[in-house]
Amino acid sequence: MSTQIVTPSRTVDRIGDPVVLFPGTDRYQAARADNTPDHYPAAIVVARTADDIRAGVRAAAELERPLAVRATGHGSVVAADGAVLISTAAMKKIIIDPVRRVARLQPGLRWAEVIAAAEPYGLSPTSGDFPGVGVAGFTTGGGVGWLARRYGYAADNLISATMVLPDGRTVTASADEHPDLFWAVRGGSGNFGLITELEIRLVPVSRVLAGSMVWPIDRAAAVLRWFADHAEEVPDEVTLAPVLRREQSGPVLSVGFVAVGDPERAVVTLNAMRWAGRTGIAGVDGVRSEGRLIPYGRITIPGTRPLGFEMYHELSDQLIDVSVGAIVDGTANALQFHHWGGATARPEADHGPVGHRQIPFSIKIDAEPGVLDHLAWSATGAKFLNFLSDTSQTARAYRVADYYRLRELKRRYDPANVLRVNHNIPPA
Ligand SMILES: Cc1cc2nc3c(=O)[nH]c(=O)nc-3n(C[C@H](O)[C@H](O)[C@H](O)COP(=O)(O)OP(=O)(O)OC[C@H]3O[C@@H](n4cnc5c(N)ncnc54)[C@H](O)[C@@H]3O)c2cc1C
Numbered sequence: 001m002s003t004q005i006v007t008p009s010r011t012v013d014r015i016g017d018p019v020v021l022f023p024g025t026d027r028y029q030a031a032r033a034d035n036t037p038d039h040y041p042a043a044i045v046v047a048r049t050a051d052d053i054r055a056g057v058r059a060a061a062e063l064e065r066p067l068a069v070r071a072t073g074h075g076s077v078v079a080a081d082g083a084v085l086i087s088t089a090a091m092k093k094i095i096i097d098p099v100r101r102v103a104r105l106q107p108g109l110r111w112a113e114v115i116a117a118a119e120p121y122g123l124s125p126t127s128g129d130f131p132g133v134g135v136a137g138f139t140t141g142g143g144v145g146w147l148a149r150r151y152g153y154a155a156d157n158l159i160s161a162t163m164v165l166p167d168g169r170t171v172t173a174s175a176d177e178h179p180d181l182f183w184a185v186r187g188g189s190g191n192f193g194l195i196t197e198l199e200i201r202l203v204p205v206s207r208v209l210a211g212s213m214v215w216p217i218d219r220a221a222a223v224l225r226w227f228a229d230h231a232e233e234v235p236d237e238v239t240l241a242p243v244l245r246r247e248q249s250g251p252v253l254s255v256g257f258v259a260v261g262d263p264e265r266a267v268v269t270l271n272a273m274r275w276a277g278r279t280g281i282a283g284v285d286g287v288r289s290e291g292r293l294i295p296y297g298r299i300t301i302p303g304t305r306p307l308g309f310e311m312y313h314e315l316s317d318q319l320i321d322v323s324v325g326a327i328v329d330g331t332a333n334a335l336q337f338h339h340w341g342g343a344t345a346r347p348e349a350d351h352g353p354v355g356h357r358q359i360p361f362s363i364k365i366d367a368e369p370g371v372l373d374h375l376a377w378s379a380t381g382a383k384f385l386n387f388l389s390d391t392s393q394t395a396r397a398y399r400v401a402d403y404y405r406l407r408e409l410k411r412r413y414d415p416a417n418v419l420r421v422n423h424n425i426p427p428a
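So that you can map any letter, position 405 of the sequence shown is 405 in UniProt numbering, and since no number is skipped, the others follow by simple counting.
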């Protein structure tokens with residue numbers, strides 16, 4: 001990451017807007033320390049209103065600088081050095097309409113805040129495994145979580161996005177207004193405009209059955225083979241997340257599960273998996289299991305650091321053996337398997353460009369580089385944008401036709417590629 005200090009070519013007086021903060025001022029230093037202590041933006045806007053965001057867009061145009069935007073920084077893949085950085089972290093208004101099951105969200109919100117606001121109405125957003133990430137980056141990057149197999153990606157549940165375009169216009173993109181932009185923003189990340197408000201669908205989920213089953217490592221391959229062969233039959237209401245990981249007692253396979261709706265349906269699946277991992281002909285001893293009906297917001301199944309992420313058409317015996325071997329010999333810390341499918345593979349017509357809906361399996365990989373290479377060998381090469389930090393691979397998050405459509409739309413809405421401090425989609 002560059003540590004060069006950038007001096008803007010114009011001063012605050014020339015810009016004439018007090019919300020635009022420049023290096024050399026206390027307010028800039030404070031804003032930089034709060035937002036991006038490792039980056040050196042040419043100017044920072046701590047936005048509290050959509051007008052502040054518009055001021056930032058004007059400043060970038062006047063200074064001829066790129067624009068960067070951040071809410072939490074969890075998806076910051078490119079340093080904002082030399083850019084006009086707009087922080088939306090203070091924009092946290094939520095309006096819940098429980099009758100329409102819709103929420104209007106300002107872009108500085110984190111999912112935890114939306115979950116808490118929706119819970120009293122028996123509703124939830126289609127948020128991710130970690131409620132600390134921001135709603136805007138998560139949703140525009142696709143957004144997958146425990147409810148995705150039943151209700152689709154977060155991007156599939158976006159109703160409209162109001163945004164300031166690089167040319168300064170404010171537009172609302174929805175199925176009826178600017179449908180091309182609406183298509184692009186449902187997976188195309190922050191490439192098309194600065195979101196000032198999202199309108200999302202909430203789903204009727206309040207309590208879930210959540211827990212985990214943990215097997216000794218010598219049963220891991222049998223359980224993973226069951227997962228590989230039967231994931232397709234698992235009801236959409238049930239999401240299984242098998243993780244090979246190292247505990248203090250040694251390596252184990254831990255299968256996290258979350259089920260919505262009738263818990264009995266989940267129990268049938270869990271029993272089948274439990275039987276697949278039985279340790280003796282007559283029993284299922286050796287497995288530790290725990291599951292409870294809890295509010296959606298209380299799920300605490302830990303995620304896995306995606307140092308690498310690969311997608312697969314199938315989980316072959318060889319792939320399973322390599323994975324178990326890497327945990328046993330300690331070259332991998334954690335390998336988290338995921339079966340996508342369900343509603344993510346059955347999108348509505350003209351869904352957004354969230355890629356690779358027909359590839360059923362993935363592995364999040366926290367391991368040494370040699371293991372990353374080994375697991376990449378039989379993978380498809382496809383990526384999921386929200387689990388990708390290497391910006392040289394951004395195009396791999398999309399199907400080829402979608403990527404070219406995104407590039408055409410980028411040319412229409414951001415021909416100078418002002419919004420490039422991100423997983424950039426260059427204009428065609
Ligand atoms: C611990 C952890 C767990 C995660 N778990 C999941 C998960 O379960 N599922 C999943 O799908 N992802 C997950 N992610 C990935 C996460 O969704 C992305 O990193 C996402 O970009 C974070 O969004 P943010 O707004 O918090 O990040 P930020 O760094 O603030 O923003 C990231 C990018 O989002 C875009 N963006 C943000 N705000 C705006 C705006 N107002 N207008 C336009 N564009 C904007 C910009 O391109 C920006 O560069 C996880 C990440 C972490 C760190």
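C-beta: ideal position from N, C-alpha, C; glycine also. Source: prediction; values computed, not measured.
| How many Å lie between Ser127 and Arg101 at the Cα? | Rounded to the nearest whole angstrom, the C-alpha separation of Ser127 and Arg101 is 15 Å.
| task | Give me the Cα-Cα distance between Ala416 and Pro427, rounded to the nearest whole angstrom. | result | Spanning the two alpha carbons is a distance of roughly 8 Å.
| task | Spatial neighbours of Ile159 within its chain, please: CB distance less than 7 Å, with the 5 preceding and 5 following residues excluded, ordered by chain position. | result | Once the five neighbours on either side are set aside, the close Cβ partners of Ile159 are Val102, Ser174, Glu199, Ile200 and Arg201.
| task | Would you kindly report the start and end of the unbroken alpha helix (DSSP H) that includes Met273? | result | Run containing Met273: Pro263 to Ala276, per the alpha helix (DSSP H) assignment.
| query | Going straight from the alpha carbon of Gly343 to that of Gly145, what length do you get? | reply | A quick correction: the sequence has Ala, not Gly, at residue 343. Using only the alpha carbons, I get a separation of about 12 Å.
| query | Applying the criterion that 16 or more other CB atoms from any shown protein chain within 10 Å of the CB defines a buried residue, is Val20 buried or exposed? | reply | Buried.
| task | Out of Ala228, Thr25 and Thr140, point me to the one whose CA is closest to Asn422's CA. | result | Cα-wise, what sits closest to Asn422 is Thr140.
| Neighbour-count burial assignment, Ala282, 16 or more Cβ in a 10 Å radius | Model confidence at Ala282 stands at a pLDDT of 43, short of 50, so the residue's coordinates are unreliable; what they give is reported in the following sentence. Counting other Cβ atoms within 10 Å of its Cβ, Ala282 stays below 16 and is therefore classed as exposed.
| query | DSSP three-state call for Asn386: helix, strand or coil? | reply | Correct three-state label for Asn386: helix.
| said: Taking 8 Å as the limit between beta carbons, can you name the residues of its chain near Glu237, skipping five residues before and five after? | reply: Contacts found: Arg149, Arg150, Ala259, Val260, Gly261, Asp262, Arg265 and Ala266.
| message | Measuring only the C-alpha atoms, how far is Asn424 from Gly277? | response | Answer to the nearest angstrom: the Cα atoms are 44 Å apart.
| task | In the DSSP assignment, find the alpha helix (DSSP H) that holds Phe337 and state where it starts and stops. | result | Run containing Phe337: none in the alpha helix (DSSP H); it sits in the beta strand (DSSP E), Ala332 to His339.
| query | Under the three-state reduction of DSSP, which class applies to Pro251: helix, strand or coil? | reply | Here Pro251 sits in strand by DSSP.
| query | Which of helix, strand or coil does DSSP assign to Ala282? | reply | Confidence at Ala282 is low in this model, with a pLDDT of 43, below 50, so its placement is unreliable and the value that follows should be read with caution. DSSP places Ala282 outside both helix and strand once states are collapsed to three, so it counts as coil.
| query | Span of the beta strand (DSSP E) holding Arg207? | reply | From DSSP, the beta strand (DSSP E) with Arg207 extends over Arg207 to Pro216.
| query | Relative to the C-alpha of Phe309, which residue among Ala334, Val114 and Ala50 is closest? | reply | Taking only the C-alpha atoms, the option nearest Phe309 is Ala334.
| query | DSSP state of Ser392, grouped into three classes? | reply | Note: Ser392 maps to helix in three-state DSSP.
| message | In the DSSP assignment, the beta strand (DSSP E) including Pro295 goes from what residue to what residue? | response | If you look at Pro295, you'll find it in the beta strand (DSSP E) that goes Arg288 to Pro295.
| request: Confirm the yes/no value for this check: CB of Phe182, any heavy atom of ligand 1, distance under 8 Å. | output: No, the Cβ of Phe182 stays beyond 8 Å of every heavy atom of ligand 1.
| task | Give the straight-line distance between the Cα atoms of Ser389 and Val78, rounded to the nearest whole angstrom. | result | Their Cα atoms are separated by approximately 9 Å.
| query | Can we count Val205 as close to ligand 1, meaning its CB is less than 8 Å from some heavy atom? | reply | With a cut-off of 8 Å, the C-beta of Val205 is classified as distant from ligand 1, since no heavy atom of the ligand falls inside that distance.
| query | Around the C-beta of Leu293, are 16 or more other C-beta atoms found within 10 angstroms, so that it is buried, or is it exposed? | reply | Exposed, by the Cβ-count rule.
| Coarse secondary structure for Ile299, derived from DSSP in three states | Ile299 falls in the coil class under three-state DSSP.
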